[in-house]
Amino acid sequence: MSDQTTKSKAHTPKRGRPTRDQAGEVESRILNAALKVFIERGYEGASIDEIAEVARAGKPSIYARFTNKELLFRDVVTRWSQRVTEIVVPDAVGSIEERFQTIGVLIVQRSVNAETVGLMRSVIAEATRHPELATTIHYNIRSQGSVAVTKLVSELAEAEEIHSLPAFAPANLALTARRFIDLVLLPIMMRSLFHADLTQMLDEMESHAKDAASFFLRACGYETT
């Protein structure tokens with residue numbers, strides 16, 4: 008064996024276990040690919056084979072992290088709902104009504120888009136075949152959204168204009184936030200589920216969110232302008 012061959016072997020790096028960053032990157036690819044496939048195919052039509060192909064990952068890599076398709080679907084929805092409920096509100100400007108309207112518009116913008124609506128359709132489609140899965144996912148989405156909006160509403164509740172209203176008392180904030188979500192989001196979300204092209208609803212979504220926020224404040228006892 009020549010010295011050159013020996014030297015070449017001596018400098019050949021050993022293949023070890025992937026680093027934490029590498030493992031995280033693979034998992035992120037899998038979850039992103041699964042989200043895409045679940046939206047396009049639905050839960051029942053999605054296959055681990057296709058997800059592996061889109062993710063550029065082997066099936067063993069997927070099964071090492073997610074033991075079955077149901078667990079993968081749960082994790083996809085959990086990750087997606089965490090991202091959707093990360094609402095960043097600009098610095099407080101304008102009247103209390105305008106600030107609630109801003110939050111309402113942000114909630115609708117974050118929640119009503121092609122990705123979200125596609126995933127919601129997949130969840131609804133599985134409600135009959137997999138009721139426990141659909142119920143768990145619905146609970147997780149609603150609870151995470153409620154926590155995020157409760158935090159925003161609690162910050163606005165400190166404003167002098169509404170601080171004394173019963174709806175904004177600390178003990179009532181969680182329920183008040185859920186009612187705000189229901190008024191702002193549910194009607195437009197229901198309509199979006201039946202629209203193939205959401206771009207037709209963009210202007211309507213913003214005006215609905217603002218009107219719903221104003222109605223919400225009046226229902227809570229605040230006299231809007």
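Numbering (my numbering), first residue to last: 8 to 232.
Just so you know, even glycine gets a beta-carbon here, dropped at the ideal spot from N, CA and C.
Small disclaimer: the values here were computed from a predicted structure and weren't measured.
| Query | Result |
| --- | --- |
| Exposed or buried, what is Phe-73 when buried is set at 16 or more other beta-carbons lying within 10 Å of its beta-carbon? | buried |
| For a test of the three-state rule: what should DSSP assign to Tyr-234, helix, strand or coil? | Residue 234 cannot be examined here, being either before or after the span of the chain that is shown, 8 to 232. |
| Please state whether the Cβ-Cβ distance between Val-91 and Ile-144 is less than 8 Å. | no |
| Is DSSP giving Leu-140 helix, strand or coil here? | helix |
| Decide if Lys-16 is buried, meaning its Cβ has at least 16 other Cβ atoms within 10 Å, or exposed. | Legend: pLDDT at Lys-16 = 49, less than 50; position of this residue unreliable, no value from coordinates given. |
| Assuming Met-212 and Val-115 make a contact with CB atoms under 8 Å, what is their CB distance in whole Å? | 5 Å |
| Less than 8 Å between C-beta atoms, sequence neighbours within five positions excluded: which residues of the same chain meet that for Ala-155? | Thr-92, Glu-93 and Ile-94 |
| Within this structure, are the beta carbons of Ile-169 and Ile-103 separated by less than 8 Å? | yes |
| Within the same chain, show all residues whose beta-carbon is closer than 8 Å to that of Arg-136, passing over the 5 residues directly before and after it, in chain order. | Glu-51 |
| Put Leu-172 into one of helix, strand or coil per three-state DSSP. | coil |
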